[in-house]
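All residue numbers for the sequence shown refer to this note's numbering, where the first residue is 24 and numbers rise by one. Glycine included, C-beta positions come from ideal geometry on N, C-alpha and C. Quick caveat: nothing in here was measured; it's all calculated off a predicted structure.
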Amino acid sequence: VGRTEYGLAPVATREWLGYVWVCLAENPPSFEEHVIGDVVGRLGDAESIERYDIGSLSVGRRNVYDVRANWKLIIENFMECYHCATIHPELTEVLPEFADGFAAQYYVGHGAEFGADVQGFTVDGSEGLDRIPGVAEDQDRRYYAITVRPQVFINLVPDHVVFHRMFPVAVDRTIVECDWLYLPHVIDSGKDVSRSVELFHRVNLQDFEACERTQPAMSSRMYAKGGVLVPSEHHIGGFHDWVHERLGTRQPQ
Numbered sequence: 024v025g026r027t028e029y030g031l032a033p034v035a036t037r038e039w040l041g042y043v044w045v046c047l048a049e050n051p052p053s054f055e056e057h058v059i060g061d062v063v064g065r066l067g068d069a070e071s072i073e074r075y076d077i078g079s080l081s082v083g084r085r086n087v088y089d090v091r092a093n094w095k096l097i098i099e100n101f102m103e104c105y106h107c108a109t110i111h112p113e114l115t116e117v118l119p120e121f122a123d124g125f126a127a128q129y130y131v132g133h134g135a136e137f138g139a140d141v142q143g144f145t146v147d148g149s150e151g152l153d154r155i156p157g158v159a160e161d162q163d164r165r166y167y168a169i170t171v172r173p174q175v176f177i178n179l180v181p182d183h184v185v186f187h188r189m190f191p192v193a194v195d196r197t198i199v200e201c202d203w204l205y206l207p208h209v210i211d212s213g214k215d216v217s218r219s220v221e222l223f224h225r226v227n228l229q230d231f232e233a234c235e236r237t238q239p240a241m242s243s244r245m246y247a248k249g250g251v252l253v254p255s256e257h258h259i260g261g262f263h264d265w266v267h268e269r270l271g272t273r274q275p276q
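Written as structure tokens, this is what we have:
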């Protein structure tokens, strides 16, 4: 057997933020331009995410969700916040500006500020865990949501990071793995992380239910143009353009 002809297929890999990033393309695009570039495009610079020292954090919880929806629909849901006031009561209590329907990803460098009476990014707004030392003062008490195309969400808060990875398995099904990352001594000491985990776990369940309810209508020919976007959702339109560009397709007019 010719090992060269029938051997394993090479893939491009890169370690960053404590995860191994894999690209299956024969000619992989620049990691700096496309992956780190998405983070820079959201936060304004790479230093802002480096302050969280994500690669040194420990996994406090990992949840796996089997979502009966297309992965692109999950991306769109994450990028907009029209739905926040109606389906995310716990999240909008912690981040009051989300109740107004504007997505945190709309403005470069903007982080949603915690409510005045909120102590931490927890399900009941109570005090969180030990703050990540490198987090800057202007990042404290703020939440930053980042979409790294095509299939990663990164959520930054002062005391932990929530990291989503999506694995499409069918046109209407996606496996989502979600990690909650904390300072190593928080995990090693056995501190209770349940209140911080519970907040985003509820957000996940609420979002995924909404996606699953939306998915059936997406098979309609009337959805061929991709739905309706308002000006504040220009970043979702940008995601549509990104997908069409890579598929070599054109958005129907």
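- By the Cβ neighbour-count rule, Leu270 is exposed, with fewer than 16 other Cβ atoms within 10 Å of its own.
- Collapsing the DSSP output to three states places Arg269 in a helix.
- Taking a C-beta distance under 9 Å as the contact criterion, Ile98 and Pro173 qualify as a contact pair.
- For Leu222 and Leu66, the gap between their C-alpha atoms comes out near 23 Å.
- If you check the CB distance, His224 and Asp153 do not come in under 9 Å.
- Taking a contact as a CB-CB distance under 8 Å, the pair Val171 and Val62 counts as one, their CB atoms being some 7 Å apart.
- For Val184, the beta-bridge partners assigned by DSSP are Leu179, Leu204.
- In the structure shown, Tyr166 falls within a strand segment according to DSSP collapsed to helix, strand and coil.
- Straight-line spacing of the CA atoms in Glu49 and His183 works out to 35 Å.
- For Ser81, the beta-bridge partners assigned by DSSP are Tyr205.
- In terms of Cα proximity to Val141, the closest of Val185, Glu113, Pro156 is Glu113.
- As DSSP reads the structure, Val45 sits in a beta bridge with Thr36.
- Pairing Arg218 with Glu200 gives a Cβ-Cβ distance that is not under 9 Å.
- Inter-segment contact for the stretch 223-239 and the stretch 116-136 is absent: fewer than three beta-carbon pairs are separated by less than 8 Å.
- Counting C-beta pairs closer than 8 Å gives three or more between the stretch 131-141 and the stretch 155-167, which meets the contact rule.
- The beta-bridge partner set that DSSP reports for Ala193 consists of Arg196.
- DSSP places Ser212 outside any alpha helix (DSSP H), giving it a letter other than H or E.
- The C-beta separation of Tyr88 from Asn227 comes to about 6 Å, placing the pair in contact by the 8 Å criterion.
- Within the same chain, Cβ atoms closer than 7 Å to the Cβ of Ala159 are found at Arg74, the five residues on either side in sequence being excluded.
- Spanning the alpha carbons of Ser79 and Asp147 requires a straight line of approximately 27 Å.
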